[in-house]
Amino acid sequence: MARNSCILVLASVLLASIASICASAAIFNPISDAHRSAALEFFSPSDGSFGSLEETYEALRTFEVLGIEKEPIIRTSVCASVADTLSSTSSALKDLFQALRVNRILKCELNDKAFAGIVTRLKDSVNAANSLLDFYHSIGGLMLIKDQTSEVDAHLGDADRIFRSIKALSQSDGRWRYSSNNPESSTYAAGIALETLAGVVSLASSEIDHSLVATLKNDIMKLFDGVERYDDGACYFDEKFVDAHGHQDPLSASSSVVRGITAFATATGESLNLPGDKILGLAKFFLGIEIPGSAKDLYHQIDALACLENSRVSVPLILSLPATVLSVSRKDQLEVRVNTVLGFAAPPLSVKLKQIFSSGSKDASVVNQELKFDPERAVHVLEILPENVDVGKYIFSFEISLQDPEHKKRYMTGGRTKVPVYITGVIEVNNAEIAVLDSDIGSIELQKKLDLSGENDVALSANHLQKLKLSFQLNTPLGHTFKPHQVFLKLRHESGVEHIFVVGNSGKKFEIILDFLGLVEKFFYLSGKYDIQLTVGDSVMENSFLRPLGHVELDLPDAPEKATRPPPQPIDPYSRYGPKAEITHIFRAPEKRPPRELSLAFSGLVLLPFFGFLAGLLRLRANLKNFPRSTVPATFAILFHLGIASVLLLYALFWFKLDLFTTLKALGFLGIFLMFVGHRTLSHLASVSAKLKSA
Amino acid sequence: MGRSTTSKDAQALFHSLHSAYASTPTNLKIIDLYVMFAVVTAVIQVVYMAIVGSFPFNSFLSGVLSCVGTAVLAVCLRIQVNKENKEFKDLPPERAFADFVLCNLVLHLVIMNFLG
């Protein structure tokens, strides 16, 4: 029990220290197989479909990015639904758009005529559109058709005018309104608008006015000025607008903006000059979510990361550590992995360990050590830890430098990456001793050496005029003094009363002196045997221990009248669920039985009168002459006797196994039979005797 | 002297009883024998109980009562069958026997139920 609670305390200390470090540095892992299995779990088709076309697109897009082959299962049914939607003249603009999006991935076989009809419809709706979503769906649809078929001309003639009418919905802070009569602005809408405008640019039959593009770039910069930032470097776009569809969360808003800017950068072919740390921050934001809780969130996360990975803006590279807990005792090597956000290999680069911050102090030691690349496992290895790295919590600062200058423009490494690292090790315990001192002069009465790495069982005795002294030293593998989180000395009286003391350290030594004179009151004047237990624990100490040292026999003065009583010991809450005392059942003692032989003898004896009866019958010359001779009465007489015999047999069966109801039922039938034959037999006998009499 | 007369008297009494009984019809004698058989069986069971104790009591009771009941019914049969009894002059012995059988069957149904 005490051991368990101590382990709990150690664990919570570890968690608390992890949490405190994560505030300044954090690890972001790229997309892994965990996301793939999560995707398969979230998007599982029922009855050959994923639900609506929008959900189908989200599922297919997520699978496409993650490289999961799942199309053939649902292809037939989804393609039928796509064809239905596209050929119907009454389907909504949004459904057309979703159907085209699904078709982009599935590439269903559709005829160009259908496309031609849709293109006219979409172009009409572009001209008639007055809300952002109408523009988005119709221009998005045209874009998709342009990509899917070359037969149909999807180009827009008056792109400038459309561009301007969409731009008219933008706000001064870079966000957008959904429609001109709705004053609320939204970040999610900004992303949609950027994506739509990118579509307009690529659909334009003639070059778009360059000043329009320039103002839009300005808008994007303003939008990025409003980005929110976490302590760990993750950036996101907050969404304050609440529309009819409900609140769009930061994830969908950020995802939408990322889609918008990457589409725009691709369409215009220009550099947007966006701050690299913000792009990297966005990537960190998406990765920091790890595995989202819903299918929609997973789609937003994966789609946005895929846009970042393939964008012309800049591709973020993510530095991650397979293990952040390293043991100096085991001589673990520091490994660093650099990937793109989707977990693909990064271009040739080198990783340098630049600085090491110790968690305790602000100052950093500059290292500037290059990590060795292991091409087989695609990790960068720091073979030997820097000399001054002892056990403890550190923040390692890495710098990624790309080897190819072309890559430097394209990839975004985000300067230095700070990663929390735990260095653990076996702590050496030295010079441990326990002593009883005389109070007045401080002379040593009794001193014993302790081996804190093994078992100890010292037996001490002291009175209230003496002192107990415990001292030991803790050294790290590098020989420095180690100060663990927890150093506790516990004295436990036989009655269960516990006293815990914190062992302080003076310089190199941990020492505690218990002056019993001052502690008499605290000990409730309880004399007797006290068990001594020492706890030394830290999250980076591999050999944290909780060890009984032995006991001390205390002789304390008698308690005065007014002394406080020791508190009642709490009942162990686990004992309530523990095994209860075994229930012993008291059975009635078996009755005394006679010896077997005696009972058998009497069974035989009971038969004797029967034989006597038979003998008597012989002596009286009893006979069966009265038994009817002629066939019919004889039959009835025999049946009568058989009937009586069967009733007796039935009784015997009743005794052995039948119950009363079965017996009575059978007895009823037998009784009627018996009455009938009995009546016949006896009346025959009566008539015979009457004849005899009369004769 | 007195003692020999008493024994002689007793002998004479027994003799007269025996000769009087000899004239009893055979069927009544059979019933008497049957009653004796039942009573002796009951006595043996009581002796057994006296030796080893009354457990299981219900089995003992049903055994003894079976015998006693049978004996009582047989006595009833004897009363009804006896020609000397004017009271039952009109009752044919076959009817009496039928009653005897019926009563025995009912009695033993109860006995079997009680036997345990």
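Residue numbers (the working numbering), protein chains in the order written: chain A, 1 to 695; chain B, 1001 to 1116. Where a beta carbon is used, it is the ideal one built from N, C-alpha and C, also for glycine.
Would residue i count as contacting chain A if we go by Cβ distances under 8 Å?
i        : result
Q1045(B) : yes
Y1048(B) : yes
F1037(B) : yes
E1094(B) : yes
N1113(B) : yes
F1060(B) : no
L1073(B) : no
H1018(B) : no
G1069(B) : no
V1110(B) : no
V1052(B) : yes
T1005(B) : no
Going by the beta-carbon positions, is the gap between residue i and residue j smaller than 8 Å?
i       : j       : result
D112(A) : V152(A) : yes
L280(A) : G414(A) : yes
V366(A) : Q333(A) : no
S320(A) : F28(A)  : yes
S358(A) : Q403(A) : no
Indicate whether at least one CB of chain B lies closer than 8 Å to the CB of residue i.
i       : result
L682(A) : yes
I638(A) : no
P628(A) : no
P633(A) : no
E591(A) : yes
Y574(A) : no
P570(A) : no
L692(A) : no
F673(A) : no
G668(A) : no
F602(A) : yes
F661(A) : no
P609(A) : yes
Of the residues the options, which one's Cα is nearest the Cα of residue i?
i        : options                                   : result
K278(A)  : I291(A), V458(A) and I261(A)              : I261(A)
P375(A)  : S358(A), P348(A) and I400(A)              : P348(A)
V487(A)  : Q473(A), H493(A), S495(A) and G496(A)     : Q473(A)
V65(A)   : E498(A), L519(A), L298(A) and I444(A)     : L298(A)
N130(A)  : F163(A), F344(A), F523(A) and A114(A)     : F163(A)
F545(A)  : V429(A), F602(A), N626(A) and A459(A)     : V429(A)
I500(A)  : G507(A), I512(A), G616(A) and L122(A)     : I512(A)
C1067(B) : F1088(B), M1049(B), I1079(B) and L1107(B) : L1107(B)
E184(A)  : T196(A), E195(A), R61(A) and Q171(A)      : Q171(A)
V677(A)  : F636(A), F656(A), G668(A) and W655(A)     : F636(A)
Which of the three DSSP states is assigned to residue i in this structure?
i        : result
Q1080(B) : helix
C1103(B) : helix
L653(A)  : helix
H679(A)  : helix
A435(A)  : strand
P250(A)  : helix
V552(A)  : strand
T1006(B) : helix
I638(A)  : helix
C108(A)  : coil
F501(A)  : strand
G1098(B) : The sequence shown places Ala at residue 1098(B), rather than the Gly named in the question. DSSP places A1098(B) in helix when its eight states are reduced to three.
N1113(B) : helix
P183(A)  : coil
Y230(A)  : coil
S24(A)   : Summary for S24(A): the model assigns pLDDT 49, below 50, so the residue's position carries little reliability, and this model does not support an answer.
H493(A)  : strand
Name the chain B residues that come within less than 8 Å of residue i, Cβ to Cβ?
i       : result
V606(A) : T1041, I1044 and Q1045
L617(A) : I1030 and L1033
How would you list, in chain order, the residues of chain A whose beta-carbon sits under 8 Å from the beta-carbon of residue i?
i        : result
Y1021(B) : Near Y1021(B) there are no residues of chain A at all, since even the closest Cβ is about 12 Å away, more than 8 Å.
Against residue i, what residues of chain A qualify as contacts under a CB-to-CB distance less than 7 Å, listed in chain order?
i        : result
H1015(B) : Within chain A, no residue comes near H1015(B); the closest Cβ sits about 19 Å away, beyond 7 Å.
A1098(B) : G678 and L682
Along chain B, in chain order, which residues have C-beta atoms closer than 7 Å to that of residue i?
i       : result
K647(A) : The residue asked about is misnamed: residue 647(A) is Val in this sequence, not Lys. By Cβ distance, chain B contributes L1105.
I644(A) : V1101
A686(A) : P1092 and E1094
Taking residue i as the query, report the chain A residues whose CB atoms sit under 9 Å from its CB, ordered along the chain.
i        : result
T1026(B) : L620, R621 and A622
E1087(B) : Per Cβ cutoff of 9 Å: no residues; E1087(B) is ~19 Å from chain A at best.
For a contact defined as C-beta to C-beta under 9 Å, what are the partners of residue i on chain B?
i       : result
P566(A) : Neighbours of P566(A) on chain B: none; closest Cβ ~59 Å, over 9 Å.
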